[in-house]
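>
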Amino acid sequence: MGLRRLIVICWIICHYRLDTLIPTEKLPLRIRLLIRLGPWRLFPHGQYSRGERLRCALENLGPIFIKFGQVLSTRRDLLADDISDELAKLQDQVPPFASEQAVATIESALGKPIAELFSTFDHNALASASIAQVHTATLHNNINVVVKVVRPGIEHVIAADIRLLQTIARLVQRHLPDGRRLRPVEVVEDYQHTIFDELDLQREGANTSQLRRNFKDSDVLYVPEVYWDFTRRNVLVMERIYGIPVTDLDTLREQGTDMKKLAERGVEIFFTQVFRDSFFHADMHPGNIFVAKDRPASPQYIAIDCAIIGSLSDFDQYYLARNLLAIFQRNYREVAELHVECGWVPPDTRVHEFEAAIRSVSEPIFEKPISEISFGQLLLYLFQTARRFDMEVQPSLVLLQKTLLNIEGLGRQLYPQLDLWSTAMPFLERWVRDRYSPQTMLKRVSHRLPGWLEQLPHLPETLLERGVPNKHANGEQQQQNNDIDLIMRQHATRARNQRLAIVAFIAAALIADPGIREGLTNLPKGSLMLFGVALYFFIRSR
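Residue 493 in the numbering used here sits at position 488 of the sequence shown, and the numbers go up by one each step.
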């Protein structure tokens, strides 16, 4: 199956003459000769433009490649306008499947004829994308809705592409010098989970409901309501929204939309989802984003298609925020130290050399006017630099990186002078300050206190078990255990030092703030004792 799929991909590349899109001027001579003498030369160009040929090729290659085209369509700073315009059609103008198949799928999933489910149902698809298509309908209570239906048989196509990607990833990891560092097998595995989750519309409905709760009564983002009585794994029914496509710049300008505020609110929404909620929409291409009508002075986004959602651990949130702040502040030493501290580069990395390399890449970019700096391009340069220091790809951050590139590309399209730096930096500074404020720390300690108290009776046994040496291990195994133990102790010491710093920060705040000091003195002695026990376990915890 993998070989047959590979043959199909090669045929499509030849048929649409994608070789003509490759800039060959700077390639080695042997590669240029290979491109010029390849079998694709036997195929004519046809009457299609280069953008149309690329779009048609991606459509024929299937959903994984269509999604790649969707991402590319948002980067007009990297592509020519004619190519970007064609790729933009992949967001919601993929050829639809037959409406009879859609109706059959809906009736089979919901167990009733279409006429019993809806008072009206439009058999013409409103929009069609790589995974599913959407029809408009009206419930019997006169609520206007959209009905999303998964493409029949799409699982088999995706499974074949994933198997091919897994084969390529294993070859890359085994044979290329950077194979281990790039961790392609893990990246493909993460993508496999992501795209198969996207086929589950019940999961998408749950994500939509959660995002709607996170931004309830928000002025910057609206998320439509899901109707669960009509939702199954392959069918999703939700509130129909009426907005302006975010790429319809003419209509937005005609109604007098504040484009600067619209672009800045997009950045604000992204960082709020990542750092406040750790629950972010990770498929924010323009086909999934609209702007509410009749709110030009205070524009509000409308988000749909929440199939792909990203989430970060507390660890990743903390280090990502500090890394971004350090980059914004041009504090290259801290960027280098943070990469070592969080394990993104090996622990034996020479920090001063890494710092110098980051500075040499970043300084020329920062010398440009702020409106000309691409944050996505800067991250790309930084990753290329870190490659020299054996930096590994972090699969947990891949979705975040892709989404950030989408957001910046969209923001630049809305407002080319967008200053992503000044928009994001105050948010990150406020997040770090609030995260380690005395009030937040007390709340986190009180949240974990029951678990720590539950572990308290077992503390002596745990300490004794950790202190008993393994007498039966041979010399080699004992050395391995010692090495592992050393690494564990180093991590534990680093984490304990961070917690001690946090506790010192809380203590300083308590001493400095008369209000907090007075409030603590009025607490019962038992509460203070519990608070002390909580702080002890906070320091001891790993």
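Yeah, the Cβ is synthetic: ideal placement off N, Cα and C, and Gly gets one too.
Can you tell me the Cβ-Cβ gap for Y337 and E358, rounded? I've got them flagged as a contact below 8 angstroms.
Not really, about 12 angstroms apart at Cβ, beyond 8 angstroms.
> Quick check: is any heavy atom of the ligand GDP less than 7 angstroms from the C-beta of T172?
This structure lacks the ligand GDP, and indeed carries no ligand of any kind.
> Let me know if Y324 comes out buried or exposed under the rule of 16 or more other beta-carbons within 10 Å of its beta-carbon.
With 16 or more other Cβ atoms within 10 Å, it is buried.
> Just the Cα atoms here: how many angstroms apart are P465 and G315?
Roughly 40 angstroms between the two C-alpha positions.
> Along the beta strand (DSSP E) that carries K448, what are the first and last residues, could you check?
Element bounds for K448: not the beta strand (DSSP E) but the alpha helix (DSSP H), P443 to Q460.
> L226 and Q322 - do their beta-carbons sit closer together than 8 angstroms?
Taking 8 angstroms as the Cβ cut-off, Q322 and L226 do not qualify as a contacting pair.
> How would you write the range of the alpha helix (DSSP H) that I88 sits in, first residue to last?
Residues D86 to A93.
> Cutting at 8 angstroms between CB atoms, please list the residues of its own chain near C15, excluding the five before and the five after it.
Cβ neighbours of C15 beyond the five flanking positions: none.
> State buried or exposed for E105, treating a residue as buried only when at least 16 other CB atoms are found within 10 Å of its CB.
Exposed.
> Please name the residue, chosen from F275, G67 and G74, that lies closest to L169 on a Cα-to-Cα basis.
Residue G67 is the option with its Cα nearest to L169.
> What are the partner residues of L241, as DSSP defines its beta bridges?
Beta-bridge pairing links L241 to K153.
> Do T428 and F275 count as a contact pair if the criterion is CB distance below 8 angstroms?
No, Cβ-Cβ distance for F275 and T428 is not below 8 angstroms.
> Rounded to whole angstroms, what is the Cα-Cα separation between G248 and N149?
Rounded to the nearest angstrom, the two C-alpha atoms are 14 angstroms apart.
> Looking at V228: is its Cβ nearer than 8 angstroms to the Cβ of V152?
In this structure, V152 does not lie closer than 8 angstroms to V228 by Cβ.
> On the three-pair Cβ rule with 8 angstroms, is the region 198-214 touching the region 262-274?
Because the criterion of three Cβ pairs below 8 angstroms is not met, the region 198-214 and the region 262-274 do not touch.
> Span of the beta strand (DSSP E) holding G248?
Segment G248 to P250, the beta strand (DSSP E) holding G248.
> Considering only C-alpha positions, which residue in the set F280, G56, L95 and T143 is nearest to F70?
Per the Cα distances, L95.
> Under 8 angstroms between the Cβ atoms of R55 and G74?
Cβ atoms of R55 and G74: not closer than 8 angstroms.
> Since F295 is in the beta strand (DSSP E), which residue starts that stretch and which ends it?
Element bounds for F295: I294 to A297.
> I'd like to know if the region 151-166 and the region 106-124 are in contact, where contact means that at least 3 CB-CB pairs between them fall below 8 angstroms.
Short answer: they touch.
> Can you give me the Cβ contacts of V356 inside the same chain, cut-off strictly under 7 angstroms, excluding the 5 residues immediately before and after it?
Same-chain partners within the cutoff: A341, E342 and V345.
> Could you check what DSSP says for S133 in three-state terms: helix, strand or coil?
Reduced to three states, the DSSP call for S133 is strand.
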